[in-house]
DNA sequence: CTTGTAATTATTCATATGAATAAATAACCT
DNA sequence: AGGTTATTTATTCATATGAATAATTACAAG
């Protein structure tokens, strides 16, 4: 039915399809959906522009696939982390839960330029008001976010679930922004940022958000 | 030198220049910089496309002016609020400071469709990695943010200024996201959002962020 | 009123861009 | 080998778009 299937065999083969996704990820991150153009993606990936259409159809479809690919992995990691946490204890600390949620994307960002690009893509997607962007976000993330909300509600029985949901949204905003914006944070600290290691930054975020989640009514 | 000056007289006059800015604001909010197009802005504003060029030069210049217009007002309100707070007491509460920072934009959002559009524009701008976007943000907001950081440092002497700066960045992320994303928050609460009034939402945010700012090391 | 300048519109230009089509090449099966 | 399907490229299409230029109108001063 017209889908390539080179991967199941032995030989390497460049697998141009994945190459397209990789480069699309970079371009979308730099320019956003509207600002990206297929010719550049094709050129950077070293393929003909028509190939993008062959594999993905439209520009929008390419974007979606791009987003789903890593987004799915991310959501998966979050699920696994939460599973692990709940295995070890019935009532993990708020810090542990927040950390379990944040760490996968943190790692992704620093694992490769493409991981960082995905963070940027995601931050941009979250600023887009179009229905389509919303749908995509829901599709990829809603399930795992809701599970985290439920778990937080469990360990914070004094806080109504409504409020935990809202606070979870604050959390997402803070962490996406931070992850995508470390350069700007450097501005605000007037250069003192160097004293911060990357991991310490994540710890800071976890501490901040956990305190917020716990805040009494 | 080629700048119109209709305002100093008495007569009303539609002042097309401002109309362009108003409609540009809406279009930029919906589509982002790259996705916006001048023909649509001109059409919505009911003017010829050439007039945009006449008044603003390039699309980028139009965007900048659009952003500076309201951004300047916003930064001004924040300064005034902080002045007032410091007049009333040497050591205002963290909540008061956070509220003073957030309230102007909150009000702007609900004052008019254009106010809401500006929030969206701003959220998008904060997700753009281009140097130009960064410059604009710095130009419009840095001074007031730094003042708030200094004040927070004053009332939170137990927290090093570096850390306050970083937490302030978390704050900005959370509030921009929330303000631009109330619809999505509705998703997460599974419809229970109706029980929340708008003002209560702002209170929730203030409480969350204040707790985060205060979090012990 | 007429002349100079500011404001506004109509039109054109050049190019970028997503999509489409057709042709060519490679892989696979029998 | 021969035929069929999958992959890849070259080329074309249609249109969107920012910018530029020229033409027109409004308006103020003398």
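Chains as they are written, first to last, in our numbering: chain A, 71 to 287; chain B, 71 to 287. Built from N, CA and C at the ideal position, the CB exists for glycine as well.
Short CB-CB distance (under 7 Å) between residue i and chain A
i             : result
residue 90/B  : no
residue 94/B  : no
residue 141/B : no
residue 236/B : yes
residue 228/B : no
residue 175/B : no
residue 190/B : yes
residue 278/B : yes
residue 255/B : yes
residue 74/B  : Residue placement at residue 74/B is flagged as unreliable, the pLDDT there being 41, under the threshold of 50; a coordinate-derived value is accordingly withheld.
Residue-level contact to chain B via CB, residue i, 7 Å cutoff
i             : result
residue 285/A : yes
residue 145/A : no
residue 267/A : no
residue 217/A : no
residue 119/A : no
residue 282/A : yes
residue 223/A : no
residue 270/A : no
residue 87/A  : no
Residue i and residue j closer than 7 Å at C-beta
i             : j             : result
residue 189/B : residue 91/B  : no
residue 274/A : residue 164/B : no
residue 147/B : residue 183/B : no
residue 180/A : residue 276/A : no
residue 244/B : residue 243/A : yes
residue 117/A : residue 96/A  : no
residue 285/A : residue 281/B : yes
residue 99/B  : residue 191/B : yes
residue 136/B : residue 94/B  : yes
residue 246/A : residue 196/A : yes
residue 233/B : residue 223/B : no
Partners in chain B for residue i, counting only beta-carbon separations shorter than 9 Å
i             : result
residue 246/A : 197, 243 and 247
residue 100/A : 199 and 200
Proximity test, residue i beta-carbon vs the ligand SAH heavy atom, cut-off 6 Å
i             : result
residue 248/B : This structure simply doesn't include the ligand SAH, nor any ligand for that matter.
Interface residues of chain A facing residue i [CB-CB closer than 7 Å]
i             : result
residue 110/B : Chain A residues near residue 110/B: none, gap ~13 Å exceeds 7 Å.
residue 193/B : 197
Partner residues on chain B for residue i, Cβ-Cβ distance less than 7 Å
i             : result
residue 206/A : None at all; the shortest Cβ gap to chain B is about 12 Å.
residue 275/A : 240
residue 105/A : 104
residue 233/A : 274
Checklist entry - Which runs of the beta strand (DSSP E) fall wholly inside the stretch 74–152 of chain B and span at least 3 residues, in chain order? => result With a minimum length of 3 residues, no continuous beta strand (DSSP E) run stays inside the stretch 74–152 of chain B.
Checklist entry - How about the stretch 153–164 of chain A and the stretch 207–216 of chain A: do they share at least three Cβ pairs that are nearer than 8 Å? => result No contact exists between the stretch 153–164 of chain A and the stretch 207–216 of chain A.
Item to check | Length at least 4, wholly inside the stretch 202–266 of chain A: the alpha helix (DSSP H) runs in chain order | outcome: Correct list: 231–250 and 252–258.
Checklist entry - Curious, which full-length alpha helix (DSSP H) runs of at least 4 residues does the stretch 157–211 of chain B contain? => result If one requires a minimum length of 4 residues, the alpha helix (DSSP H) runs lying completely within the stretch 157–211 of chain B are 164–181 and 183–196, in chain order.
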